[in-house]
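Here the working numbering is used: the sequence shown runs in plain steps of one and ends on residue 635. We put the CB at the ideal spot given by N, CA and C, even for glycine.
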Amino acid sequence: MKKVCFGRCVFMGWYCEKGTCKFCYRSTTSHKKRHAKKSRRSMASMITDAIIGKNLGWKFEYLTGGYANWDIDDIVEIAKNISYVYGEKIWVNLGVLDKGEMNKLKPYVEGICASIETVEGKLHDFVCPDKPIEHYSEMLKLAKKKGFKTSITIVIGLGEKKEDIELLFDFIKKYNIDRITFYALKPVKGTDFENTKSPSVDYYAWWIRKTREAFPDLDIVAGLTPKKVDYVKDILEAGADTITKFPAIRLFGSEKAELIEKMAKEAGKEFTGSLTKLPVNIDWDKEVEKLNIDEAIKKRVKTKLKQYLAKMH
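Structure below.
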C-alpha cells in the first residue's frame, strides 16, 4: 500500500512585498491593512509549529512568507532551528534567491521552491506582473548547480487550458524539477478572480493524473481548502503523494480532518502521521530541551506549545 501524508508549510509572516498577484489574498487592500510591512511571526511560534508537525508525522513542505521583512541571516537562523527540530534539511519558498543567499542556506536547506503559478507566458504576465518567470527560471538553474533539489507551485483555475500541460511538462523536464505543488484556485473577494469559480474536482485531478503519468517519480503535492476536503480521494487516486493547505492545528480532530484520513484509506493509501490523534507518550518539554537554542526562546516555545496543544485536544 502506497504511503501518503500531510505536508505543512511554516510561515514567517503574511505580508508580501509584491502584493500584486491577481488571484492572491495578499493583494487585497484589507490584507495589506491587516498585515503591516514589518509584521513578523516570533521564532518561538515557528519552532512550535515545527515541533508539533514533526511529532504528528507531518511532512515539512517549506518555509515561506514575509521574507522581505527578514535579513537573510535571520532566515538562516529560522531554517537552522526548524532543520534541527526535524533532524533533516528543509525546503524553502522565499522568492528569488541569489548565489550568496543560497550559500548561507545550504547547510540547513535541501530544496528550493519557485512560486511559478502558471507556465503559460501571457497568462503569467497578467496574473503575476511583478514575478517574471525568467527570474525564477534562472534561480532554478542556479539551485541545481549548487546541489539543491527544486520545486515549483502551480495554481489550477487561473485561465489555463488543458493543452498548456505540455508547457508544464517541458518546464519540468528543462529544469529537472523534483517536486511540484498544485493548488486549486480559491476565489478571494477583492481580487480580479473573486467572481471566478474554483476548478472542478475532475479538472483539478486531471492535471495531477496527467502529471503523474508523465513523471512517475515526481514528488506531487496537492493543496486543499478547509471549506471542502471531500475530494481527497480523487487527488490521491490521481497520483498525489502529499496533501497540503489544510489548517491542521485549528481543525485538528475535526470532522474534516477525520474525513481526510478516511478518504485516504478509501483511495487505497496508507496515511502516515495523524490529523486526529495526539501522541500520548511524548514529553513536550523534553522535545524543547533537545534543541540547541537560546534558553529564553525555549521558555517561550514551551508556553506556545501548551497554548497550541490546548486547542488541539
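beta-carbon residue i near the ligand ATP non-hydrogen atom, thresh 6 Å
i, result
"Lys-324", "No copy of the ligand ATP occurs in the structure displayed, which carries no ligand at all."
Residue j beta carbon less than 7 Å from that of residue i
i, j, result
"Gly-433", "Phe-470", "yes"
"Phe-493", "Ile-530", "no"
"Leu-597", "Ala-570", "yes"
"Ala-366", "Ile-619", "yes"
"Arg-501", "Ser-459", "no"
"Asn-391", "Gly-335", "yes"
"Ile-557", "Ala-544", "yes"
"Met-368", "Val-332", "yes"
"Leu-490", "Val-441", "yes"
Per-residue DSSP class, three states only, for residue i
i, result
"Lys-599", "coil"
"Val-326", "strand"
"Ser-668", "Given that the chain is displayed from residue 323 to residue 635, the structure contains no residue 668 and the question cannot be resolved."
"Ile-394", "helix"
"Ser-405", "helix"
"Trp-336", "coil"
"Asp-540", "Reading off the sequence shown, one finds Leu at residue 540, where the question assumed Asp. Coil, per DSSP."
"Phe-491", "helix"
"Phe-448", "helix"
"Ser-520", "coil"
"Leu-573", "coil"
"Ser-437", "strand"
"Ile-400", "helix"
"Thr-594", "coil"
"Glu-383", "strand"
Cross-strand partners of residue i (DSSP beta bridge)
i, result
"Ala-506", "Ile-478"
"Val-610", "None; Val-610 has no bridge partner."
"Arg-501", "Ser-473, Asp-541"
"Cys-331", "DSSP output for Cys-331 lists no bridge partner at all."
With 16 other Cβ atoms within 10 Å as the buried cut-off, status of residue i
i, result
"Asn-498", "exposed"
"Ala-632", "exposed"
"Ser-522", "exposed"
"Arg-330", "buried"
"Lys-508", "buried"
"His-457", "exposed"
"His-446", "buried"
"Asp-552", "exposed"
"Asn-415", "buried"
"Val-602", "exposed"
Residue closest to residue i, alpha-carbon to alpha-carbon, out of the options
i, options, result
"Phe-382", "Lys-578, Ile-565, Thr-440, Glu-460", "Ile-565"
"Leu-378", "Gly-387, Ile-394, Val-407", "Val-407"
"Ala-372", "His-635, Glu-442, Trp-606, Glu-617", "Trp-606"
"Thr-513", "Thr-342, Lys-324, Met-323", "Thr-342"
Within-7 Å CB hit, residue i to chain D
i, result
"Thr-547", "The chain inventory of the structure shown lacks chain D, comprising one protein chain alone."
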